[in-house]
Structure formats: structure tokens, C-alpha cells
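> Residues 119 to 485, numbered by our numbering, are exactly what the sequence shown covers, in order.
Quick reminder that beta carbons are idealized off the backbone N, C-alpha and C, glycines included.
No experiment lies behind these values; they were computed from the predicted model shown.
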Amino acid sequence: MIHFLELKRLNAPYAEELKEACSRVIDSGWYILGSETKQFESQFAQFCGTKFCIGVANGLDALTLTLKAWIELGKVEKGDEVIVPANTYIASVLAVTEAGLTPVFVEPEERSHNICPQKIKDAVSSKTKVILPVHLYGQLADMKPIMEIAKEFDLLVLEDSAQAHGAELDGKKAGSWGDASGFSFYPGKNLGALGDGGAITTDDESLAKTLVALRNYGSHVKYENLYQGHNSRLDEIQSAMLAVKLKYLPTEIANRRKVAEFYRSEINNPLISLPEVDLQSAHVWHLFVVRTEHREALANHLIEHGVQTQVHYPIVPYKQEAYREYQHISLPLAERLQDEVLSIPISPYIDIEEQKKVITAMNSFMI
Ligand SMILES: *Cc1c(COP(=O)(O)O)cnc(C)c1O
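1) Using DSSP's beta-bridge definition, name the partner residues of residue 171.
2) By how many angstroms is the C-alpha of residue 244 removed from the C-alpha of residue 342?
3) Using a threshold of 7 Å, is the CB atom of residue 304 nearer than that to any non-hydrogen atom of ligand 1?
4) Using DSSP with H/G/I as helix, E/B as strand and the rest coil, what is residue 209?
5) Does the Cβ of residue 148 have 16 or more other Cβ atoms within 10 Å, making it buried, or fewer, making it exposed?
6) Is it buried or exposed, residue 179, if we count other Cβ atoms within 10 angstroms and call 16 or more buried?
7) Apart from the five residues on each side of it in sequence, which residues of its chain come closer than 7 Å, Cβ to Cβ, to residue 435?
8) To the nearest angstrom, how far is the alpha carbon of residue 386 from that of residue 154?
9) Check whether the Cβ of residue 207 lies closer than 7 Å to any heavy atom of ligand 1, and answer yes or no.
10) Mind checking who residue 334 pairs with in its DSSP beta bridge?
11) Out of curiosity, what's the CA-to-CA distance linking residue 184 and residue 318?
12) Let me confirm a value: residue 339 is counted as buried when at least 16 other C-beta atoms fall within 10 Å, else exposed. Which label applies?
13) Under 7 Å: does the beta carbon of residue 278 sit that close to some heavy atom of ligand 1?
14) Examine ligand 1 and report whether any of its heavy atoms sits within less than 7 Å of the Cβ of residue 177.
15) Are the CB atoms of residue 463 and residue 425 nearer to each other than 8 Å?
16) Count the other C-beta atoms from every protein chain shown that fall within 10 angstroms of the C-beta of residue 450, then say buried if there are 16 or more, exposed otherwise.
17) For residue 256, count neighbouring C-beta atoms within 10 Å of its own C-beta (all shown protein chains included) and say buried if the count is 16 or more, exposed if not.
18) When every heavy atom of ligand 1 is checked, does at least one fall within less than 7 Å of the C-beta of residue 316?
19) By Cβ distance, which residues of its chain are closer than 7 Å to residue 345, with the 5 residues on each side in sequence left out?
20) Tell me which residue opens and which closes the alpha helix (DSSP H) that residue 271 is part of.
21) Who pairs with residue 246 in a beta bridge, going by DSSP?
22) Considering residue 288, what are the terminal residues of the alpha helix (DSSP H) in which it resides?
23) Taking the CB atoms as reference points, tell me whether residue 258 and residue 298 lie closer together than 8 Å.
24) Taking the straight line between their C-alpha atoms, what separation do you get for residue 166 and residue 129?
25) Per DSSP, what kind of secondary structure is residue 364 in: helix, strand or coil?
26) Measure the Cβ-Cβ separation of residue 186 and residue 217 and say whether it is below 8 Å.
27) Decide yes or no for the touch test of the stretch 299-312 against the stretch 350-363: beta carbon pairs closer than 8 Å, at least 3 of them.
Following this line, the structure appears as C-alpha cells:
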């Protein structure tokens with residue numbers, strides 16, 4: 119069976135180095151907010167091309183705390199609107215509502231499945247304060263027009279880069295386009311820890327300072343609390359793991375691109391639409407998402423041929439029970455994608471024989 123993702127196999131090439139780093143932290147006797155986290159934050163800021171990186175507990179907190187920091191800084195007020203993609207992982211939306219803000223759902227572009235700039239423009243109201251584009255599947259959203267719209271209407275931009283570590287357009291990486299960006303280091307992400315982790319990148323010093331306090335009980339100075347903060351810290355062991363894995367991220371991205379190119383050149387089945395890309399460097403292939411009107415049949419066919427798949431995502435956030443109040447919304451493209459997308463295995467380690475098996479199974483699908 120070709121599994122969708124095998125975390126043990128993903129981390130195996132670095133196992134010795136990870137164990138050494140882990141031992142170093144154990145022996146140091148310092149486990150929260152120490153030199154390992156400081157060092158990883160500075161390495162990741164450098165990787166993304168930003169001045170600051172603030173490690174937090176997970177990707178959801180990275181987004182939530184940034185929105186809360188903007189509220190503390192007086193840039194956003196409770197009840198303001200945040201434009202989000204209609205077809206994203208629910209975390210992007212949970213961050214908005216957790217901060218007391220109102221999500222406004224916007225349709226994607228058919229080609230990329232990323233949020234459509236023209237439809238963002240149509241959705242801007244007097245209450246809009248933030249655009250929250252998601253770089254879905256590892257491909258940068260159309261950031262140039264999005265930043266122009268933000269400038270025109272004086273909006274903040276919070277990138278959700280949880281799937282796009284290292285994706286790049288015009289030499290500018292995911293995480294350096296907006297006013298701030300949230301990252302997840304969940305183990306299955308392209309830069310994954312061995313547990314939960316997340317970070318915010320930004321060039322804004324006052325935002326960075328506010329986030330440093332918000333992640334640690336709202337405190338700048340021990341036992342003095344400026345804000346009603348969170349406990350959301352990236353710990354020393356995960357920081358040490360991430361510093362090891364960051365070194366190999368460019369090679370892993372190159373491997374993912376090779377797999378994606380092989381799939382795109384060899385999968386040739388009129389029943390299946392392949393992902394389109396304008397620019398290789400803008401895509402880091404966290405997911406390889408195909409589209410078909412016969413999703414269930416295709417998934418069953420692939421399983422019979424030993425290929426496991428997943429769906430990202432089967433229910434759009436505004437149709438979830440958690441967001442009952444938005445269930446009246448109807449956005450046809452987002453809802454069509456929810457019914458037609460299927461993710462096939464892609465990873466830095468999947469070997470040529472496995473890739474060929476996936477391709478053969480995809481090409482032999484008939485109805
Ligand atoms: C994974 C993910 C998140 C949340 O990250 P966690 O670390 O799991 O909290 C947010 N947004 C997107 C698009 C994601 O894929």
C-alpha cells in the first residue's frame with residue numbers, strides 16, 4: 119500500500135540528527151523559551167526574508183494571536199470583517215471568530231483554487247479591516263493584486279502560510295508578502311515538528327513585541343501582564359527538531375517538485391483534471407490535488423490498486439455544524455470543489471516505483 123503520508127519515513131533520514139538535538143535539549147535543563155527557540159526563530163525569519171519570527175504553539179494560534187495583537191494595537195476592532203477563502207481548512211476561519219471578528223467568505227479562482235482577487239475587491243465593505251489569503255496546497259495566492267487591493271482600501275494582510283513554507287514569487291517567499299503570516303509546523307506539514315508548533319513572521323516590530331507578550335500570558339516582564347494573553351509557546355525540543363529539518367527543506371521542496379512534474383507529465387486521463395501552475399517556484403506541493411466528477415469511484419479504484427488518498431476538504435467551513443449561522447451562504451465554486459477534489463500521495467521520499475504505481479492506477483481509471 120502506498121500510504122498518503124508516512125511520518126516515520128519522512129523523518130527517517132534525519133533520525134540520528136534529531137536524536138542528538140533532542141539529547142542536547144534534555145541535557146541543557148531548559149525547556150521553554152530558551153536559546154533553541156531563539157535560534158530557530160532567527161533562522162526561520164531569515165529563511166522567509168522577514169525581520170521577525172515569533173514561535174507559538176501551533177498554526178491556529180499563530181493566526182489567532184496576530185489578529186488579537188492587531189486588536190490590542192488598535193488597528194482592528196471587535197466586530198470588524200476579515201475576508202477569508204470560502205474553501206480553506208477551518209483553522210483559518212476559527213482564528214477570525216476566536217478573535218471576535220467576522221469572517222466574510224470569498225470564492226476561489228477555478229485554476230488555482232486560491233482566493234480570487236477580483237472577488238476580494240467585490241467583498242470589501244466599510245467594516246473590512248483584514249484580508250486573510252491562504253496559500254492553499256502550497257501554492258502562493260495571487261499576492262500582487264491582493265497587496266494592491268489592501269493598499270487601495272487600507273487593509274491589513276495576514277497570510278495563512280501553513281501549507282506553503284518556502285513557496286516563492288518574484289524572489290519573495292510566503293510569509294513575507296503580507297503585514298504578517300501564520301505558519302504551522304504540524305508533523306505532516308512541509309516543515310513539520312515532532313509534535314505541534316507554529317510561528318508568525320513579520321517586519322513590524324510593534325506587532326512582534328505584542329506577539330511575544332501575547333504568547334506568554336500577555337507578559338513583557340515576569341509577573342507583569344499588559345494583555346489578557348495566552349499560553350502558546352513553541353518549546354525548546356520542537357525548536358531544536360525544526361532547526362534540523364529547516365536545513366533540509368530546500369532539498370525536500372525540490373523532491374516534491376520532481377514528483378509533481380512527473381505526475382503532471384504522465385497522468386493523462388480525461389476523467390481527471392490535474393493541478394495547474396503558472397510558476398514552479400510559487401508552489402511547494404504540500405498537496406497534489408486533482409479534480410474529478412467521479413471522486414468516490416476514483417478513490418475506490420485507487421485503493422484497489424494500493425494507493426491511499428485524502429480529501430482536502432470535504433466540507434467548506436461555512437457549511438460545518440460549528441458555523442450554523444453561516445449555513446445560508448451559497449458559493450457554487452467552493453461547493454463544487456468540496457465535492458470534486460482528491461489528494462493523491464506526494465512527499466519528498468516517494469520513490470520512482472511508487473510514483474509509477476500511482477500514475478498507472480490514475481490512468482487505468484474508467485467509469
Ligand atoms: C494546518 C493548517 C492550519 C492550522 O495549523 P495547526 O498547527 O494544525 O493549528 C491553518 N491553516 C491551514 C491552511 C492549515 O493547513
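According to the structure shown:
1) Its beta-bridge partners are 319.
2) Cα-Cα distance, rounded: 37 Å.
3) Yes, ligand 1 has a heavy atom inside 7 Å of this Cβ.
4) DSSP, reduced to helix, strand and coil, places residue 209 within a helical segment of the structure shown.
5) Here residue 148 is exposed. Its C-beta has fewer than 16 other C-beta atoms within 10 Å.
6) With 16 or more Cβ atoms within 10 Å of its Cβ, residue 179 is classed as buried.
7) Once the five neighbours on either side are set aside, the close Cβ partners of residue 435 are 206, 208, 211 and 441.
8) In a straight line, the C-alpha of residue 386 is about 47 Å away from that of residue 154.
9) True, at least one ligand heavy atom lies under 7 Å from that Cβ.
10) DSSP output for residue 334 lists 349 as bridge partner(s).
11) Approximately 8 Å between the Cα atoms of the pair.
12) By the neighbour-count criterion, in which 16 or more other beta carbons inside 10 Å mark a residue as buried, residue 339 falls on the exposed side.
13) Taking 7 Å as the cut-off, the C-beta of residue 278 counts as close to a heavy atom of ligand 1.
14) In this structure, ligand 1 has a non-hydrogen atom nearer than 7 Å to the beta-carbon of residue 177.
15) Going by C-beta atoms, residue 463 is nearer than 8 Å to residue 425.
16) With fewer than 16 other Cβ atoms within 10 Å, it is exposed.
17) Result: buried.
18) Because some heavy atom of ligand 1 lies under 7 Å away, the Cβ of residue 316 counts as near it: yes.
19) Correct list, in chain order: 190, 331, 332 and 336.
20) Looking at the DSSP string, the run of the alpha helix (DSSP H) that includes residue 271 is 261-271.
21) Residue 246 has 199 as its beta-bridge partners, per DSSP.
22) Neither: residue 288 is in no alpha helix (DSSP H) and is coded neither H nor E.
23) Cβ distance not < 8 Å, so residue 258 and residue 298 don't count as in contact.
24) If you take the alpha carbons of residue 166 and residue 129, they lie about 22 Å apart.
25) Helix at residue 364.
26) Residue 217 is positioned such that its CB atom lies closer than 8 Å to that of residue 186.
27) Taking a cut-off of 8 Å for Cβ pairs, the stretch 299-312 and the stretch 350-363 touch, as three or more such pairs fall below it.
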